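Asks: Let me give you the structure first, and then I'll get to my questions.
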Amino acid sequence: RSGRLHKALVLGNEVATSAFAHQMARKYAGMFNIGGEAKEPKTPGDVEAAIYGEIERLKNEPVSARELQKVKNNFAAMAVRRGASNFNMLVQLIQYEGGGDWRSINTEIPSILKITAEDIQRVAKKYLTKENRTVATNTRKPGTKAPNDPAMTGLSGEQQAVVRRISNQIKAETNLERLQQQLEAMESQLGQADGKQQGLMKIIMVKVAERIAELSK
18 RSGRLHKALV LGNEVATSAF AHQMARKYAG MFNIGGEAKE PKTPGDVEAA IYGEIERLKN
78 EPVSARELQK VKNNFAAMAV RRGASNFNML VQLIQYEGGG DWRSINTEIP SILKITAEDI
138 QRVAKKYLTK ENRTVATNTR KPGTKAPNDP AMTGLSGEQQ AVVRRISNQI KAETNLERLQ
198 QQLEAMESQL GQADGKQQGL MKIIMVKVAE RIAELSK
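Each residue of the sequence shown is one higher than the last, beginning at 18 in the numbering used here.
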């Protein structure tokens, strides 16, 4: 919630109830996914335009040293957590080997720590272009509502929208290691969250655990 997309789209111009961005790297081809859920009475088009604005800002304004360091710290912390058990290490080695070379497990974090604000601008200008993008817009039929989930009773409309979006992402996730990492990260952060956030995190943790169980069958 401290990321620039959330600050700009949710807290800033308030066109969205939630916003996200994540990389899906593959051996031969991958994708960088950016999205958000419109906040009534805004439209998906409003969210799309706001996302393009943030992409252009990323191309034209260097990321601050503080913001860049925060991201690097997060990656380093996740790497430490991933090495906490032999099973997680095994899954990581399999994933890295499938992605090209298992030795990348030793070089990925040092490479990330070398990234500069200029590198980010250069890559954004090269890859985040109109020619490279594919846009998907999901809408509900007029007069319909999202199905009720008893677990979301008591959550605000914004929190329910967040849970629905994350639940859909969890259902679409097929990477068991990534799900396990997410669950471990939330477990470690749970004690630091306030009461409302803890309730939200516990619901999402259940969703992740259920998806892990499905993939482990």
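All C-beta atoms, glycine included, are put in the ideal place defined by N, C-alpha and C.
If you're wondering where the values come from, they're calculated on a predicted model, not measured in any experiment.
#1: Have a look at residue 177 and residue 219 and give me their C-alpha separation to the nearest angstrom.
#2: Please work out which residues of its chain come closer than 7 Å, Cβ to Cβ, to residue 48, disregarding the five sequence neighbours upstream and downstream, and give them in chain order.
#3: Would you call the stretch 134 to 153 and the stretch 186 to 194 touching, i.e. three or more CB-CB distances under 8 Å?
#4: How is residue 77 classed by DSSP in three states: helix, strand or coil?
#5: Under a three-way DSSP split, which group does residue 153 fall into?
#6: Would you report the Cα separation of residue 89 and residue 122, rounded to the nearest angstrom?
#7: Let me make sure I understand the geometry here. Which of 63, 44, 45 has the alpha-carbon closest to that of residue 27?
#8: Which parts of the stretch 164 to 191 are runs of the alpha helix (DSSP H), unbroken and 4 residues or longer, counting only runs that do not cross its ends?
#9: Buried or exposed: which applies to residue 73, given that a residue is buried once 16 or more other Cβ atoms fall within 10 Å of its Cβ?
#10: Tell me the DSSP secondary structure of residue 3 in three-state form.
#11: Whole angstroms are fine: how far does the CA of residue 29 sit from the CA of residue 141?
Replies: Let's see:
#1: What you label residue 177 is simply residue 160 of the sequence shown in a count that begins at 1. What you label residue 219 is simply residue 202 of the sequence shown in a count that begins at 1. Approximately 13 Å, taken between the alpha carbons.
#2: Counting from 1 along the sequence shown, the entry for residue 48 is found at position 31. These residues qualify, in order along the chain: 41.
#3: no
#4: Position 60 of the sequence shown, counting from 1, holds the residue named residue 77. Helix at residue 77.
#5: Sequence index remark: in the sequence shown, residue 153 carries index 136 (1-based). If DSSP states are grouped into helix, strand and coil, residue 153 belongs with coil.
#6: In the sequence shown, counting from the first residue as 1, residue 89 sits at position 72. In the sequence shown, counting from the first residue as 1, residue 122 sits at position 105. Each residue's Cα considered, the two are about 16 Å apart.
#7: For this step, residue 27 is matched to residue 10 along the sequence shown. Ranking 63, 44, 45 by Cα distance to residue 27 puts 63 first.
#8: 174 to 189
#9: Here residue 73 corresponds to residue number 56 of the sequence shown, with the count starting at 1. It counts as exposed.
#10: The requested residue 3 does not occur in the structure, where the chain is confined to residues 18 to 234.
#11: Position 124 of the sequence shown, counted from the start, is the residue given in the question as residue 141. Position 12 of the sequence shown, counted from the start, is the residue given in the question as residue 29. Going from the Cα of residue 141 to the Cα of residue 29 covers about 22 Å.
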